[in-house]
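Colleague: Have a look at this one before I ask anything.
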Amino acid sequence: MNTITSVFGTNVFSDSVMRERLPNETYKQLQRTIKQGKHLDNTVANVVANAMKDWAIEKGATHFTHWFQPMTGITAEKHDSFITPIEDGRVILEFSGKELIQGEPDASSFPSGGLRATFEARGYTAWDPTSYAFIKGKTLCIPTAFCSYGGEALDKKTPLLRSMEAISKQAVRVLKLFGDGDVTSVKTTVGPEQEYFLVEREMFDKRPDLIYTGRTLFGAKPPKGQELDDHYFGTIKTRVAEFMEDLNEELWKLGVLAKTEHNEVAPAQHELAPIFTTTNIATDHNQLTMELMQRIAKRHNLVCLLHEKPFAGVNGSGKHNNWSISTNTGKNLLDPGDTPHENAQFLLFLCAVIKAVDDYQDLLRISVASAGNDHRLGANEAPPAIVSMFLGTELTEILDSIEKDEQYGTREKELWKVGVHILPRFPKDATDRNRTSPFAFTGNKFEFRMLGSSDSISGANIVLNTAVAESLRQFADVLEQSEDFNETLHDLIRDTIKEHKRIIFNGNGYDDQWIAEAERRGLLNLKTTPDCLPYFVKEKNIQLFKTHKVFTETEIRARYEILLENYSKILNIEAVTMLDMANKDLLPAYSAYTKQLSETVVAKKAAVPDADCSYEEERIRMISGLCGSMYQRAKDLEEVLMKLTHMECDELAKAQYYRTEVFGAMNELRIVADEIEGVMDRKFYPYPNYGDLLFGVR
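Residues in the sequence shown are numbered from 131 upward in steps of one, following this note's numbering.
Right, here's the structure in full:
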C-alpha cells in the first residue's frame, strides 16, 4: 500500500490542484463563487472546465458525469465522453464551461411525488462548486444539484445547501450581537459513523431475500449470537482487514477522511468513521463510502450489507451523525470551554439546539424514518423512537442554576484513579456517553444516533440546520430590539431552559419507565414510519421550511408522497419475496424432509417390524403440522396483498395497511418457518442459515 500522504486526494480536483492549474485571476473568481456565492461567468467557467478536463484525462478519465443525489437515497450519473468529431473523421477531446455548469438528465423516471408527470422529461443538474469534482474509475464526477424544469428541487443536495445558508445567515446575526464582526459565515460540520455487515458472496447469492430486499426474511437464530460480546472491538479477521485496507486507500484517494475502523457488536458487523468536514461534503463523502463499501467487498468475494436490520436477533446497523457548528474564523460554537457557565455565547447556541430539538422533534423523527429503520428504533440496540437530549451532569446542573437564578458552583475536574501506579491519572470528561440517547452532547458536538445505516445523512442535517436556524432567528429578533443586551440575553437563556427542559433526559432510554415519563412530558412516541410521516405536512413544519427557503410547500408535499410510496413499495417487495421463497423453496424442502422420514419409517419396519421409529414419527407429525400452518399463513399473506388491489385509498392509508396487515402477516409466516428450520435436517434447508452467514467469513 502507498503511504497515506502520497495517495490522499490524488483523485480530487481539490483547492491545491485548482491553485496549481488555473490562472491566478480565474482561481480568485472561482473562490469568490465558492465562498461568497458570486455568479461564475462563462469565460471563467470555460477556463475551469478545460483545466478540469486536462487533469482528468491525465488521470485516465475518458468520460464526465454530473453526479447527483435524487430522492432514491442513492446517487445517479449519466456518462458522456470527452470526444468531439472533426471534419477529417478524427475526434478531439473537449469539455466546455456550459457542460460543467449544467446538464440535462431525464427527470421523469426519478421519484418526484407528483412534481413531474411522466411525459415531462426535462430536468437539470447544476454544478455545486463547494464540493470538489473527483475521478471514479475512468469518469470525472462533478457533484451537482438536481431540479425540475419548473425549478423544484428533485434531490437531497439542493435543500441541504439551502439549509446551510439558512443557519449561516441566522448564526452570523447572533454573533454580530456578541461583537464578533470578523465572522462572515458559519458552517455546520458532520462526521457520520457508518455501520455495516460483511458476508460471504457465495452465501449471499443463495439467499433471494438478501438479493431482493437486503435483509433476511426467514432465519432461525444460531446457537451463538452476540451474547458473549466477543466481537465488539475484537481482533479484525484477515480478510476483513484486507477489505478495510483497500477501502481506506480508495476513500483516501477521493479525499474522504476515513479515520476509525473496528468490529461492531453483532457477528460480521463493522464500522467506519471519518473525521469531521463540512456537512455538504460529508454527505457526498458518505454516499461515496457506501458505494465503495459495496463495490470493494465484491473484490474480496464478500458482500456489504447496509440494511438497518439484515438479521433478526442481533444488532442492526445505524449511522451516528456527529454534528457541530463552526465559524469561518475557526471557532466551534458548541465548544463550552473550561467554564461553560460563564460562556454566554456557548449557552445561547446550546439553548438554540435545545429549543430546536424540542420544537421540531417530529421532524427529527421523520428525518430518520424508513421501513428498514423501523426494525431498529426502540429495539434496545438503538435509541428509542422518542426524541430526547442527553447533556450530562455538568451542563444540566448549569442550566438548572440559570433557570433558578442561582449561583453555579464550579466543578473541579475529577481525576480518574485506575488503581495501577504505572498508569497516569487523567481528568474525567464532563459528560458520559449515553448510548441510549437519540441526541447526545459529547464534548463539543451533538451525536444524532437515530439514523439508519443505509440513509443519506442529508435529511437529518436539513432538519437540524433549519430547526436551529429558526431558534437563532427568534433569538436574534429579540436581542436586536433589546436596550440592555446582557439582561435580555440572560432572560432569553433562562426562559428557553424553562420552556424546553422537557426534552432533556440523561437516563436510560431503554427503560420502560422512560416511555411513561416521556408521555407525561408531552414528548412524541412515533414508533413507525406511517405514524410519523403525517407530521411532515403539519402547518408549523411547512412554515419552518418556507420561512428559511429550504423547501416550498409543493416540495414538502412531494417528499411526503415519495416517503409514503417508498415505504409501501419496500414492504410489498418483501412480502412478495417471502411468498416466493415459501412456496417455491421452503415448503417443498420441508415436504422432501418429511418424505425421507416417512420412507425411513417404512424401510425400518420392513426390516425390523418392531423397530423404534418414535423419532421419525414424531418429527413427521411435528413438521407436517407446522407445514400445514405455514401454508395457511402464506395463503393469509396472499389474501392480505390481494385486498390491496381492490382498495381505493390515499398513500397514507396504504402505508398504514402495509404496516398493520401486511407486516403482521409476514411476521406470522416467518415465526412458523423459522420454527421448522430449527428441527429439520440441515441438508434439506435450501439456503445458507444464520450461522453460515454470520460466522462464514474466516
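The beta-carbon is built from N, C-alpha and C at its ideal position, and this holds for glycine as well.
Please read all numbers here as calculations on a predicted model, not as lab measurements.
Between which two residues does the beta strand (DSSP E) harbouring Glu704 extend?
Modeller: Counting along the chain, Glu704 falls outside any beta strand (DSSP E), though it belongs to the alpha helix (DSSP H) covering Glu683 to Met711.
Colleague: Just checking, does the region 188-208 make contact with the region 143-161 on the three C-beta pairs under 8 Å criterion?
Modeller: Not touching, per the Cβ criterion.
Colleague: Reducing DSSP to helix, strand and coil, say where Gly448 ends up.
Modeller: Three-state result, Gly448: strand.
Colleague: Would you call the CB atoms of Ala712 and Leu799 closer than 8 Å?
Modeller: Taking 8 Å as the Cβ cut-off, Ala712 and Leu799 qualify as a contacting pair.
Colleague: Beta carbon of Phe348, beta carbon of Ala719: below 8 Å?
Modeller: Contact: no.
Colleague: Rounded to whole angstroms, what's the CA-CA distance from Val809 to Arg749? Just pull it up for me.
Modeller: Cα to Cα, the separation comes out at about 8 Å.
Colleague: Along the beta strand (DSSP E) that carries Ser211, what are the first and last residues, could you check?
Modeller: Residues His209 to Ser211.
Colleague: With distances taken Cα to Cα, identify the nearest neighbour of Asp608 among Gln762, Gln300 and Glu768.
Modeller: Note on identity: in this sequence residue 608 is Val, with Asp being the wrong assignment. When each option's Cα is compared against that of Val608, the closest is Gln300.
Colleague: What's the C-alpha gap between Thr135 and Glu188?
Modeller: For Thr135 and Glu188, the distance between alpha carbons rounds to 20 Å.
Colleague: How is the alpha helix (DSSP H) around Ser278 delimited, first residue to last?
Modeller: Premise fails: Ser278 lies in the beta strand (DSSP E), Thr269 to Ser278, not in any alpha helix (DSSP H).
Colleague: Glu421 and Ser583: beta carbons closer than 8 Å?
Modeller: No. Outside cutoff.
Colleague: In three-state DSSP terms, what is Lys383?
Modeller: Residue state, collapsed to three classes: helix.
Colleague: Starting from the C-beta of Thr156, find all residues in its chain whose C-beta is less than 6 Å away, skip the five residues before and the five after it, and write them out in chain order.
Modeller: Contacts found: Val174 and Val177.
Colleague: Which value, in whole angstroms, describes the spacing of the CA atoms of Leu663 and Thr260?
Modeller: If I take the Cα positions, the gap works out to 31 Å.
Colleague: Do you know whose CA, among Gly446, Gln643 and Ala275, lies nearest Thr346's CA?
Modeller: Answer by Cα proximity: Gly446.
Colleague: Is the number of C-beta pairs between the region 415-433 and the region 379-386 that are closer than 8 Å three or more?
Modeller: At 8 Å Cβ cutoff, the stretches touch.
Colleague: Residues in its own chain within less than 7 Å of Tyr362 by CB, not counting five upstream and five downstream?
Modeller: Excluding residues within five positions, the ones whose Cβ falls inside 7 Å are Asn393, Glu394 and Val395.
Colleague: Could you check if Cys779 is buried or exposed, using at least 16 other CB atoms within 10 Å of its CB as the buried criterion?
Modeller: Label assigned to Cys779: exposed.
Colleague: With distance defined between alpha-carbon atoms, name the residue in Thr684, Phe373 and Tyr254 nearest to Met423.
Modeller: Of the listed residues, the one whose Cα sits closest to Met423 is Phe373.
Colleague: Starting from the Cα of Tyr279, find the closest Cα among Ala263, Asp236 and Val221 and give me that residue.
Modeller: Ranking the options by Cα distance to Tyr279, first place goes to Asp236.
Colleague: Pick helix, strand or coil for Gln199, following the three-state DSSP scheme.
Modeller: In this structure, Gln199 counts as coil in the three-state DSSP scheme.
Colleague: Measure the C-alpha to C-alpha separation of Phe138 and Gly321 and round it to an integer number of angstroms.
Modeller: One C-alpha to the other measures close to 18 Å.
Colleague: Whether or not the region 646-666 and the region 566-586 are in contact is what I'm after, with contact meaning three or more pairs of Cβ atoms, one per stretch, closer than 8 Å; do they touch?
Modeller: Contact between the region 566-586 and the region 646-666 is absent, because fewer than three Cβ pairs lie under 8 Å.
Colleague: Hey, how far is the Cα of Asn462 from the Cα of Ile455?
Modeller: Taking the straight line from one Cα to the other gives about 6 Å.
Colleague: Out of Ile801, Leu402, Glu781 and Asn591, state which residue places its alpha-carbon closest to the alpha-carbon of Leu494.
Modeller: Taking only the C-alpha atoms, the option nearest Leu494 is Asn591.
Colleague: Note down, in chain order, each residue of its chain lying with its Cβ closer than 8 Å to the Cβ of Phe198, except the 5 sequence neighbours on either side.
Modeller: Excluding sequence neighbours, Phe198 sits near Thr205, Ala206, Glu207, Pro235, Thr255, Pro273, Thr274, Ala275, Phe276, Asp285 and Lys287.
Colleague: Specify the secondary structure class of Gly233 as computed by DSSP and reduced to three states.
Modeller: Reduced to three states, the DSSP call for Gly233 is strand.
Colleague: What are the complete beta strand (DSSP E) segments, minimum 3 residues, inside the region 436-518?
Modeller: Fully enclosed beta strand (DSSP E) runs of 3 or longer: 448-457.
Colleague: In the structure shown, what three-state DSSP assignment does Asn591 receive?
Modeller: Note: Asn591 maps to helix in three-state DSSP.
Colleague: Taking the DSSP output, what are the residues bridged to Cys434?
Modeller: Leu328.
Colleague: Determine the DSSP secondary structure at Glu577, reduced to helix, strand or coil.
Modeller: Strand, per DSSP.
Colleague: Sorted by chain position, which residues of the same chain lie with C-beta nearer than 8 Å to Leu223's C-beta, five sequence neighbours on each side aside?
Modeller: Result list for Leu223: Lys183, Ile187, Phe212, Ile213 and Thr214, in chain order.
Colleague: Helix or strand or just coil, what does DSSP make of Ile204?
Modeller: The answer is coil: DSSP assigns Ile204 none of H, G, I, E or B.
Colleague: Below 8 Å on the Cβ atoms is my guess for Tyr665 versus Ile496; work out the distance and round it to an integer in Å.
Modeller: Correct: roughly 6 Å between the Cβ atoms.
Colleague: Which value, in whole angstroms, describes the spacing of the CA atoms of Gly219 and Ser226?
Modeller: So the two alpha carbons sit approximately 21 Å from each other.
Colleague: Per DSSP, Glu391 is paired with what?
Modeller: Answer is Leu402.
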